[in-house]
Amino acid sequence: VAGKFAPDVFPEHKDLINQFRDVTEARAQISMGTANRIYDLQIAPLFHRSHAGELIGRVILLTDITERELLIAELDAFARTVAHDLKTPINATIGYAELLRVELGSSMNEKMDKMTKGIMRGGANMASITNSLLLLAQLRRQEEVKQAVVDMKAVVAEALSRFEFQIRESRARIVQPDQWPQGVNSY
Numbered sequence: 004v005a006g007k008f009a010p011d012v013f014p015e016h017k018d019l020i021n022q023f024r025d026v027t028e029a030r031a032q033i034s035m036g037t038a039n040r041i042y043d044l045q046i047a048p049l050f051h052r053s054h055a056g057e058l059i060g061r062v063i064l065l066t067d068i069t070e071r072e073l074l075i076a077e078l079d080a081f082a083r084t085v086a087h088d089l090k091t092p093i094n095a096t097i098g099y100a101e102l103l104r105v106e107l108g109s110s111m112n113e114k115m116d117k118m119t120k121g122i123m124r125g126g127a128n129m130a131s132i133t134n135s136l137l138l139l140a141q142l143r144r145q146e147e148v149k150q151a152v153v154d155m156k157a158v159v160a161e162a163l164s165r166f167e168f169q170i171r172e173s174r175a176r177i178v179q180p181d182q183w184p185q186g187v188n189s190y
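The opening position of the sequence shown corresponds to residue 4 in the numbering used here, with each subsequent residue numbered one higher.
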């Protein structure tokens, strides 16, 4: 509501108005009303054009983000549930492949060796994906996102080993640079 004072627009929220009374610039998530609606509150200074940038007021923008926050919470819960539900069968598959390798030992032929290694690599890849899902669900709640350098040569080597069979079957020729660029991983 343009041109109105905050106490006139929100007389029932005096505590909130007092909390931001002397603030000229801010961004916060607040809850208001009996239905506990969630709002994105943005406050920006309003300067006079011709009086050398004299502060003449503030622009206050309230955006109702309740539905978005509920959907994000549901998505986080879904990601956590899916990731946890997948972890057990993935770990069991990896474990069975390892047990098969131990049980067969030296009697395992080359084809069996490659297949069990493929099962273990695929399982490790799926475990990595489920861990990423869990991480994604947690990142939304973190204030600070940490970053780490990624060894791109190792990432590409892992990808190549995962697709070893397809590369060999298609007789693909993989060309790699002498030096990989630096990658960054957020966690």
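C-beta: ideal position from N, C-alpha, C; glycine also.
What is the rounded straight-line gap between the Cα of residue i and the Cα of residue j?
i    : j    : result
L73  : K117 : 46 Å
G121 : L78  : 32 Å
A175 : Q169 : 8 Å
S110 : P184 : 43 Å
L89  : T133 : 7 Å
V159 : E15  : 59 Å
G126 : V178 : 27 Å
R165 : A80  : 30 Å
P10  : D25  : 13 Å
Can you tell me whether residue i is helix, strand or coil according to DSSP?
i    : result
R124 : helix
L152 : Note that residue 152 corresponds to Val in the displayed sequence, not to Leu. Reduced to three states, the DSSP call for V152 is strand.
I177 : coil
I20  : helix
D116 : helix
Q169 : helix
Q1   : With the chain covering 4 to 190 only, the question about residue 1 has no answer from this structure.
I68  : coil
Bridge partners of residue i, per DSSP?
i    : result
N134 : In the DSSP output, where bridge partners are listed per residue, N134 has none listed.
L58  : F50
Q45  : R30 and L64
R40  : M35
To which residues of the same chain is residue i closer than 6 Å at the C-beta, ignoring the five residues directly before and after it?
i   : result
V62 : A47 and L49
Q45 : R30 and L64
Less than 8 Å between C-beta atoms, sequence neighbours within five positions excluded: which residues of the same chain meet that for residue i?
i   : result
A82 : L136, L137, L139 and A140
Rounded to the nearest angstrom, how far is the Cβ of residue i from that of residue j, given a contact under 8 Å?
i    : j    : result
R40  : T69  : 5 Å
E101 : M123 : 7 Å
I93  : M35  : That belief does not hold up - the Cβ atoms of I93 and M35 are roughly 44 Å apart, past 8 Å.
Determine whether the Cβ of residue i lies closer than 8 Å to any Cβ atom of chain C.
i    : result
I170 : This model lacks chain C altogether; it includes just one protein chain.
Enumerate in chain order the residues of its own chain whose CB-to-CB distance from residue i is below 7 Å, with the five nearest sequence positions on each side excluded.
i   : result
I59 : L49, F50 and H51
D43 : Q32, T66 and I68
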